[in-house]
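Residue 154 in the working numbering sits at position 157 of the sequence shown; the count goes up by one each step and never skips.
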Amino acid sequence: LGALDRRMTIGAQVAEPLEIHGLPDRAADRAERVAALLREVGLRPDQGRQYPHELSGGQRQRAVLARALATEPALLVCDEPISALDVSIQAQVMNLLVELQARLGTAILFVSHDLRAVRQVSHRVAVMYLGRIVEEGEPDAVLHDPAHPYAQALVSAIPHPGRRQRRILLQGDPPNPADRPGGCAFHPRCAAAVPMCAQVDPVLKPRAGDGRKVACHVAQGDVPARRAA
């Protein structure tokens, strides 16, 4: 709800970027474009006369998506688009994103902590720690066989019904981004860290063998991993 102006109708908010960019020239054509955008995201044109509080959470998210698509962007940035929605509504929004991506050819930068959602919508995955990418590659590779210790911890937290697995529990708290540790920012919490990790910041580069990009001295094979006690 915070992404929408409570004082404006849904239609007026979808039309706003069109008016700013003068697309199209005539008001009547803009109204037709707004109606088409609402239909595109699964809303009825008459819902454009409603205010945000009159719509459900899923409908509001669809309205935000319609506004974002108004100027036909080449790239759509979706920052936690489903985190505040019920599970059933999350599935609807995810299916809509996949459908729009296929139909419109729009590139989507999907930012989320929900790895299952990331897998559903992504053609390529990047894992970030403290604002920097630590692993990047194909979804199946990164999410099924992660190379970076932080990515391994994330993937270990995904529940698998009927299957027991070892959960990797990280120790300590994330460092202050304004006062990053020397070397690899993850080394204070990493069970595989070696002295080099505290001294040299690893570069994100392709790993020999699978070409996946990893920023980790151990995963790259530069140094052997520390043995567990």
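The C-beta atom is built at its ideal place from N, Cα and C for all residues, glycine as well.
Below 8 Å, enough C-beta pairs join the stretch 55 to 68 and the stretch 24 to 40 to call them touching: three or more.
By the Cβ criterion, the stretch 129 to 137 is not in contact with the stretch 89 to 103, since fewer than three pairs of Cβ atoms, one from each stretch, lie closer than 8 Å. Contact between Leu112 and Leu72 fails: their C-beta atoms lie close to 22 Å from each other, not under 8 Å. When only Cα atoms are considered, Lys210 and Gly134 end up about 6 Å apart. Taking C-beta atoms as the reference points, Arg116 and Pro146 fail to come closer than 9 Å.
The C-beta distance from Val197 to Gly180 rounds to 6 Å, short enough to meet the 8 Å contact threshold. Annotated as proximal: Gly45 and Ala9, with beta-carbon spacing under 9 Å. When the beta-carbon positions are compared, Val122 and Val139 come within less than 9 Å of each other. Membership of Arg129 in any alpha helix (DSSP H) is not indicated; the residue belongs instead to the beta strand (DSSP E) covering 129 to 134.
Counting the other CB atoms within 10 Å of its CB gives Val90 a total of 16 or more, which places it among the buried residues. Proximity of the stretch 201 to 209 to the stretch 182 to 190 falls short of the contact definition, fewer than three beta-carbon pairs being nearer than 8 Å. With a minimum length of 4 residues, the unbroken runs of alpha helix (DSSP H) contained wholly in the stretch 130 to 215 fall at 136 to 141, 146 to 153. Assigned with DSSP and collapsed to three states, Ile79 falls in coil, not helix or strand. Rounded to whole angstroms, the gap between the alpha carbons of Pro185 and Asp142 is 23 Å.
Within the same chain, and ignoring the five residues on either side of Lys202 in sequence, the residues whose Cβ sits closer than 8 Å to its Cβ are Lys210, Val211, Ala212, Gln217. Judged by beta-carbon spacing, Ile7 lies within the 9 Å limit of Leu1, meaning their Cβ atoms are closer than that value. In this chain, the alpha helix (DSSP H) harbouring Leu97 covers 84 to 101. Apart from sequence neighbours up to five positions away, the residues of its chain that approach Arg41 with a beta-carbon distance below 8 Å are Leu35, ordered along the chain. The three-state reading of DSSP puts Leu106 in strand, counting E and B together.
Here the alpha carbon of Pro78 sits roughly 31 Å from the alpha carbon of Pro199. Beta-bridge annotation (DSSP): Tyr48 is not paired with any residue.
Excluding residues up to 5 positions away in sequence, Arg164, Ile165 lie with their Cβ nearer than 6 Å to the Cβ of Ser153 in the same chain. Gly55 counts as buried, since no fewer than 16 other beta carbons sit within 10 angstroms of its beta carbon.
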